[in-house]
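**Student:** Each residue of the sequence shown is one higher than the one before, counting from 933 in this note's numbering.
Have a look at the structure that comes next, please.
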Amino acid sequence: MKKLVLLILLLSANGFSNLYAQNRIVVNDNCRQAYGEILALRFGDAVRLIEKEKAENPENLYVPYLENYIDFLKVFISEDEELFDSINDISDERYDLLEELDKDNPYRKYFLGNMNLQSAVMRMKFHDYFYAALDINRAYRLLTNNKKAFPGFIPNDITLGVLHIMIGMVPDNYHWVLRLINMKGSVKQGRRELINALTTSDTNPAYSYLKNEILFFMGFVELNVEPGRQQLDTLYYQIAQADSNNLLLSYLQVNILMKTGRNDEAIRVFKRVNRMTGHYPFYYLDYLQGECHLRKLKTREAEPYYDIFLENFKGKNYIKDAWRKKAWIALLNGQISDYRYFMDKVTEQGNDDTGQDRDAEREAEENQIPEVDLIKARLLFDGGYYLRADSVLSLMNDTVLSEEEKVEKVYRKARIADETGDEDIAEYYYRQTIEEGKRLTRYFAGNSALKLGEMYETKGDTLKALDYYNLCLKLDFDEYEAGIHSKAKAGVKRLGD
């Protein structure tokens, strides 16, 4: 769910049509170009355009909106709490300015709704969930009413599409909260709205500059809601035709490639990213670049990127996992004392909000040196190097493995067979993983049940698919449980309707 928060990091950047320009809102080349620079994270260039617009049109209220968007993105990307605290007063002033717009102006509720969403996202970064919920509720009301009043205002479809998808992903046991505050939405509805906006951006020149943003949102929907290789490939192709110097779109490209096991292609995208200049520092990309090199077992190339991330990133997320990856690098290089040193750092720094960080914390608390070949196989699999991963597993000596390590080995073989299209072998190993791992606290049995459910759903065998989805929900494990159970619940809901 948290990863989907990234879906609303651009909500305020939607371009607007001159059709609605009125009441001190002027959409001209300065503003459109500044919007494009903000979207690409070239904030310095955006500020120069904004200053030019201030001199030429000092009453244009599009300007404070763009300025607020820059501040929002800086906080979102850097996770710098001091920066967040420093912008609160100026953000309130901008909000008050925008409230002065005529109530019949479609920009008014659109601006105010998006600014509430910006505030909610920033608050969630720093665990201020109560006020974040209030902000989201206000945003929903403002944007829903704006949609009713101005149904042809395409930016509403983009914003509400994302919001409806988020509402649709709320777990069933929390739906009473949505009913209580009368918020409605579904993934299907949100996708339909985004597709409508994308189609309009292709057919209506007034909205053509919205296309990159819509693709960005649609990409994260597919990555986080219901990943499908065909849909991701289509989106990747469309993104590749867009601005190659856009850091956010490049970030999305990398995510798609890493999600689909195309590690070498992701590294090639990073070579282009590394040549980009003039962008706001995006240190999470350094973490991802370290991941790509490590998945190829290139420890010398990977470690400097983790170091850059750890030395410069001001947030808390992925810190534990970055230290854990440095520990793995030490282990792969035979440096046991360094492994222990870095794993101590895991317990001392960062938080455990993400699944990767919780997994790193678990490993640190267990205080056991993991089997090196299992780490190699896991990394190689994540990179899409399936034959190399299988070769590593085949050469392992089972007699020296613990019960948990034996289960993990079987699970890894199941995943490799699944990804390489050998369904019979995959099913065999998934079943074996469930039988031998169902009492363990690791996620292997739970995810095996989920994968078998997905496999049978694809084949059209509804009864068996439901059996495995329900089995997944019955299994109790510590790692990635929320995400795996959420997917299983979605499967039950799809097949039960």
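The C-beta atom is built at its ideal place from N, Cα and C for all residues, glycine as well.
#1: Compare the Cα-Cα distances from residue 1329 to each of 1214, 1297, 1306, 1174 and report the closest residue.
#2: Spatial neighbours of residue 1199 within its chain, please: CB distance less than 6 Å, with the 5 preceding and 5 following residues excluded, ordered by chain position.
#3: Nearest-angstrom Cα distance between residue 1402 and residue 1420?
#4: Is the Cβ-Cβ distance between residue 930 and residue 1091 less than 8 Å?
#5: Cα-Cα, which of 1266, 960, 1317, 1252 is closest to residue 1297?
#6: State the DSSP-derived secondary structure class of residue 1397, mapped to helix, strand or coil.
#7: Could you tell me the alpha carbon to alpha carbon distance between residue 1187 and residue 1179, rounded to whole angstroms?
#8: Mapping DSSP to helix, strand and coil, what is residue 1240?
#9: Below 6 Å CB to CB, which residues in the same chain sit around residue 1259 once its five sequence neighbours on both sides are set aside?
#10: Quick check on residue 1395: buried or exposed, where buried means 16 or more other Cβ atoms within 10 Å of its Cβ?
#11: Quick one, which of 1423, 1113, 1408, 1414 has its alpha-carbon nearest residue 1389's?
#12: Taking C-alpha atoms, which residue in 1094, 1144, 1152 lies nearest to residue 1121?
#13: When you compare the region 1139-1148 with the region 967-977, are there three or more beta-carbon pairs, one atom per stretch, that lie closer than 8 Å?
#14: Taking 8 Å as the cut-off, does the region 1082-1089 touch the region 1050-1067 (at least 3 CB pairs, one atom from each stretch)?
#15: For the alpha helix (DSSP H) that contains residue 1311, what are its first and last residues?
#16: For the alpha helix (DSSP H) holding residue 1129, just list the boundary residues, first then last.
#17: For residue 1062, count the other beta carbons within 10 Å of its own beta carbon; 16 or more makes it buried, fewer makes it exposed. Which is it?
#18: Just curious, the alpha helix (DSSP H) that residue 1192 is in, first and last residue?
#19: Would you call residue 1409 buried or exposed, if buried means 16 or more other Cβ atoms sit within 10 Å of its Cβ?
#20: Express the C-alpha separation of residue 1311 and residue 1229 in angstroms, rounding to a whole number.
#21: Does the beta-carbon distance from residue 1303 to residue 1264 come in below 8 Å?
#22: Taking Cβ to Cβ, would you say residue 1116 is nearer than 8 Å to residue 1099?
#23: Per the contact definition of three or more C-beta pairs closer than 8 Å, is the region 1355-1368 in contact with the region 1315-1329?
#24: For a minimum of 4 consecutive residues, which ranges assigned as the alpha helix (DSSP H) are wholly contained in the region 963-1007?
#25: Quick one: Cα of residue 1005 to Cα of residue 1222, how far?
#26: Going by DSSP, what residue range makes up the alpha helix (DSSP H) through residue 1424?
#27: In whole angstroms, what is the alpha-carbon distance linking residue 1020 and residue 1060?
#28: List, from N- to C-terminal side, the alpha helix (DSSP H) runs of 4 residues or more that fit wholly inside the region 1153-1227.
#29: Can you name, in chain order, every residue of its own chain whose Cβ lies under 7 Å from the Cβ of residue 1208, other than the five neighbours on each side?
#30: Using a Cβ-Cβ cut-off of 6 Å (strictly less than) and excluding sequence neighbours within five positions of residue 1255, which residues of its own chain qualify?
#31: What does the Cβ neighbour count give for residue 1114, buried or exposed, with the cut at 16 atoms within 10 Å?
#32: Does DSSP put residue 1012 in a helix, in a strand, or in coil?
**Tutor:** According to the structure data:
#1: Your numbering for residue 1329 matches position 397 in the sequence shown. Among 1214, 1297, 1306, 1174, the Cα nearest to that of residue 1329 is on 1306.
#2: Mapped onto the sequence shown, residue 1199 falls at position 267. If we look at residue 1199 and ignore the five residues flanking it on each side, its Cβ neighbours are 1224.
#3: Here the question's residue 1402 lines up with position 470 in the sequence shown. Here the question's residue 1420 lines up with position 488 in the sequence shown. Approximately 7 Å, taken between the alpha carbons.
#4: With the chain covering only 933 through 1429, there is no way to say anything about residue 930.
#5: Position 365 of the sequence shown, counted from the start, is the residue given in the question as residue 1297. It is 1252.
#6: Translated into the one-based positions of the sequence shown, residue 1397 becomes position 465. In this structure, residue 1397 counts as helix in the three-state DSSP scheme.
#7: The residue labelled residue 1187 in the question sits at position 255 within the sequence shown. The residue labelled residue 1179 in the question sits at position 247 within the sequence shown. Near 12 Å, if we compare the C-alpha coordinates of residue 1179 and residue 1187.
#8: Counting from one through the sequence shown, the residue named residue 1240 turns up at place 308. Note: residue 1240 maps to helix in three-state DSSP.
#9: As a working note, residue 1259 is residue 327 in the sequence shown. Excluding positions up to five away in sequence, the list reads 1271, 1274, 1275.
#10: Here residue 1395 is taken as the residue at index 463 of the sequence shown, counted from 1. By the 10 Å Cβ count, residue 1395 comes out exposed.
#11: Sequence index remark: in the sequence shown, residue 1389 carries index 457 (1-based). Measuring from the Cα of residue 1389, the nearest candidate turns out to be 1423.
#12: Position 189 of the sequence shown, counting from 1, holds the residue named residue 1121. Minimum Cα distance to residue 1121 is reached at 1094.
#13: yes
#14: no
#15: Counting from one through the sequence shown, the residue named residue 1311 turns up at place 379. Looking at the DSSP string, the run of the alpha helix (DSSP H) that includes residue 1311 is 1304-1314.
#16: For the purposes of this step, residue 1129 is taken as the residue at position 197 of the sequence shown. Start and end: 1119-1135.
#17: For this step, residue 1062 is matched to residue 130 along the sequence shown. Residue 1062 comes out exposed.
#18: Taking the first residue of the sequence shown as position 1, residue 1192 is located at position 260. It is not in any alpha helix (DSSP H) - residue 1192 carries neither H nor E in the DSSP assignment.
#19: Counted from its first residue, the sequence shown places residue 1409 at position 477. Buried is the call here.
#20: Your numbering for residue 1229 matches position 297 in the sequence shown. Your numbering for residue 1311 matches position 379 in the sequence shown. Roughly 7 Å separates the two Cα atoms.
#21: Along the sequence shown, one-based indexing puts residue 1303 at 371. Along the sequence shown, one-based indexing puts residue 1264 at 332. No; because the gap between Cβ atoms is not below 8 Å, this pair is not in contact.
#22: Here the question's residue 1116 lines up with position 184 in the sequence shown. Here the question's residue 1099 lines up with position 167 in the sequence shown. Their beta carbons are under 8 Å apart, which means residue 1116 touches residue 1099 by this criterion.
#23: no
#24: 975-988
#25: Position 73 of the sequence shown holds residue 1005. Position 290 of the sequence shown holds residue 1222. Taking the straight line from one Cα to the other gives about 23 Å.
#26: Within the sequence shown, the letter at position 492 stands for residue 1424. 1413-1428 is the span of the alpha helix (DSSP H), which, as asked, contains residue 1424.
#27: What you label residue 1020 is simply residue 88 of the sequence shown in a count that begins at 1. What you label residue 1060 is simply residue 128 of the sequence shown in a count that begins at 1. Those two C-alpha atoms are separated by around 14 Å.
#28: 1161-1172, 1179-1191, 1195-1205, 1216-1227
#29: Along the sequence shown, one-based indexing puts residue 1208 at 276. Excluding positions up to five away in sequence, the list reads 1177, 1179.
#30: Position 323 of the sequence shown, counting from 1, holds the residue named residue 1255. Taken in chain order, the residues that qualify are 1274, 1277, 1278.
#31: Here residue 1114 refers to the residue found at position 182 of the sequence shown. By the neighbour-count rule (16 or more Cβ atoms within 10 Å), residue 1114 is not buried but exposed.
#32: Within the sequence shown, numbered from 1, the residue matching residue 1012 stands at position 80. Three-state result, residue 1012: coil.
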